[in-house]
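**Q**
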Amino acid sequence: MEQLVDGQHVALQSAFYGTYIYADEDGRGVSLHPRRSSPNAAWVVHLLLDGGSPHVLLYGVSYGSYLAATTMPAPSGLRGSLVRQHCFDRPEDQSVRWEPVRAGSGDVLLRSLSGGYLRASDTVATVHDNDRCGWWRPSPREISCRGFQILRAHLSAKGRAPFKLQPPWRREPRADIGHIARAIRFVRAERESPDGTFPHVAWACFEFTGRSLFNLRIELARRLNFAVVSDVIICVRAGFFGRLTPLVTDLPPNNVIMEIIVVTAGTIAANELRFPNVGAV
Numbered sequence: 001m002e003q004l005v006d007g008q009h010v011a012l013q014s015a016f017y018g019t020y021i022y023a024d025e026d027g028r029g030v031s032l033h034p035r036r037s038s039p040n041a042a043w044v045v046h047l048l049l050d051g052g053s054p055h056v057l058l059y060g061v062s063y064g065s066y067l068a069a070t071t072m073p074a075p076s077g078l079r080g081s082l083v084r085q086h087c088f089d090r091p092e093d094q095s096v097r098w099e100p101v102r103a104g105s106g107d108v109l110l111r112s113l114s115g116g117y118l119r120a121s122d123t124v125a126t127v128h129d130n131d132r133c134g135w136w137r138p139s140p141r142e143i144s145c146r147g148f149q150i151l152r153a154h155l156s157a158k159g160r161a162p163f164k165l166q167p168p169w170r171r172e173p174r175a176d177i178g179h180i181a182r183a184i185r186f187v188r189a190e191r192e193s194p195d196g197t198f199p200h201v202a203w204a205c206f207e208f209t210g211r212s213l214f215n216l217r218i219e220l221a222r223r224l225n226f227a228v229v230s231d232v233i234i235c236v237r238a239g240f241f242g243r244l245t246p247l248v249t250d251l252p253p254n255n256v257i258m259e260i261i262v263v264t265a266g267t268i269a270a271n272e273l274r275f276p277n278v279g280a281v
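Counting from 1, one number per residue, gives the positions in the sequence shown under the UniProt record's numbering.
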């Protein structure tokens with residue numbers, strides 16, 4: 001399907017509401033919002049072939065988590081179950097797999113292999129057997145081969161991540177999150193085994209306070225003895241079968257343990273990463 005090409009950055013706009021699928025700032029929820037020009041609204045296509053039939057997986061630019069159907073009931077007044085951000089830990093996991101159905105207009109339906117269609121509402125995304133409000137308009141999001149160079153320059157100049165995520169809505173007021181402490185587990189990409197795993201002894205851990213991506217890079221550079229801080233590329237991977245995703249936003253506002261894979265700028269692994277075009281979002 002030409003609108004959904006493997007590795008492409010896309011935005012999914014509801015043909016009914018005109019809003020976009022958003023990866024919420026907490027790294028778990030999925031909602032709808034009219035603002036396209038945000039990394040929250042950017043998803044990367046991950047195509048899998050199963051018996052010749054293509055399955056579409058979508059993972060967020062913000063934290064690398066996969067768009068997944070759940071059995072969690074939708075909020076009162078809405079039909080179906082919630083869509084959330086999940087890890088891709090099992091290849092047979094049907095909740096993260098979607099079958100696209102294309103219309104002549106170019107709009108698509110996305111049917112979850114676990115049942116139901118991806119649907120829009122005025123606030124959240126759901127899955128339901130009825131495909132009403134289930135048509136989506138995929139549109140490509142520009143990426144840059146020079147993405148890391150642009151990101152590096154921005155981080156060096158500003159001392160912060162280029163994107164500050166703004167959640168489209170909040171279920172409850174949040175306390176001050178500037179001093180959140182969380183455990184950071186980290187490993188260098190060079191320690192990866194041929195089977196895609198990392199030896200247990202290769203991982204290290206420390207407590208990090210705050211959400212600043214800039215400060216996290218400084219701390220990782222210090223712990224890994226990088227001579228140049230900007231050579232540190234911080235990546236996340238949502239599950240064993242998830243794809244490596246460069247982290248371009250500040251950390252989520254929670255104290256959940258984060259696993260970081262550090263890629264060195266200028267290496268083959270770094271050259272294979274795909275960054276969103278900072279100047280285009």
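The beta carbon of each residue, even a glycine, is placed where N, CA and C say it ideally should be.
Given the structure is predicted, the values throughout are model-derived calculations rather than measurements.
#1: Kindly indicate which three-state DSSP category V201 falls into: helix, strand or coil?
#2: Does D122 pass the burial test, meaning 16 or more other C-beta atoms within 10 Å, or should it be called exposed?
#3: Exposed or buried, S76, counting other C-beta atoms within 10 Å across all chains shown (16 or more means buried)?
#4: Where R84 and V30 are concerned, what is the direct C-alpha to C-alpha distance, given to the nearest angstrom?
#5: Can you have a look at P39 and say buried or exposed, based on whether 16 or more other CB atoms are within 10 angstroms of its CB?
#6: Could you tell me how far apart the beta carbons of C205 and R223 are, in whole angstroms, since I believe they sit closer than 8 Å?
#7: Below 7 Å CB to CB, which residues in the same chain sit around E219 once its five sequence neighbours on both sides are set aside?
#8: Starting from F186, follow its DSSP beta bridges and name the residues at the other end.
#9: For T19, count the other beta carbons within 10 Å of its own beta carbon; 16 or more makes it buried, fewer makes it exposed. Which is it?
#10: Assuming E136 and V108 are in contact, meaning their beta carbons sit under 8 Å apart, how far apart are those beta carbons, in whole angstroms?
#11: Considering just the uninterrupted stretch of the beta strand (DSSP E) at R84, what are its terminal residues?
#12: I'd like to check one pair, Y117 with E134: are the Cβ atoms closer than 7 Å?
#13: What are the boundary residues of the beta strand (DSSP E) that includes L118?
#14: From what residue to what residue does the alpha helix (DSSP H) around E219 run?
#15: Do R97 and L113 come within 7 Å of each other at the CB atom, strictly closer than that value?
**A** Considering the structure as presented:
#1: In the displayed model, V201 falls within a helix according to three-state DSSP.
#2: It counts as exposed.
#3: Looking at its Cβ environment, which holds fewer than 16 other Cβ atoms inside 10 Å, S76 is exposed.
#4: Using only the alpha carbons, I get a separation of about 5 Å.
#5: It counts as buried.
#6: That pair is no contact at about 10 Å.
#7: The residues are F208.
#8: Paired residues: A204, I260.
#9: Taking every protein chain shown into account, the CB of T19 has 16 or more other CB atoms within 10 angstroms, so this residue is buried.
#10: According to the sequence as given, residue 136 is Trp; it is not Glu. With a contact defined as Cβ atoms closer than 8 Å, W136 and V108 qualify at about 5 Å.
#11: Where R84 is concerned, the enclosing beta strand (DSSP E) stretches over 81 to 86.
#12: It is Gly, not Glu, that sits at residue 134 in the sequence shown. Contact: yes.
#13: Residue range 117 to 120 is occupied by the beta strand (DSSP E) that includes L118.
#14: Boundaries of the alpha helix (DSSP H) around E219: 213 to 223.
#15: Yes, these two residues count as a Cβ contact at 7 Å.
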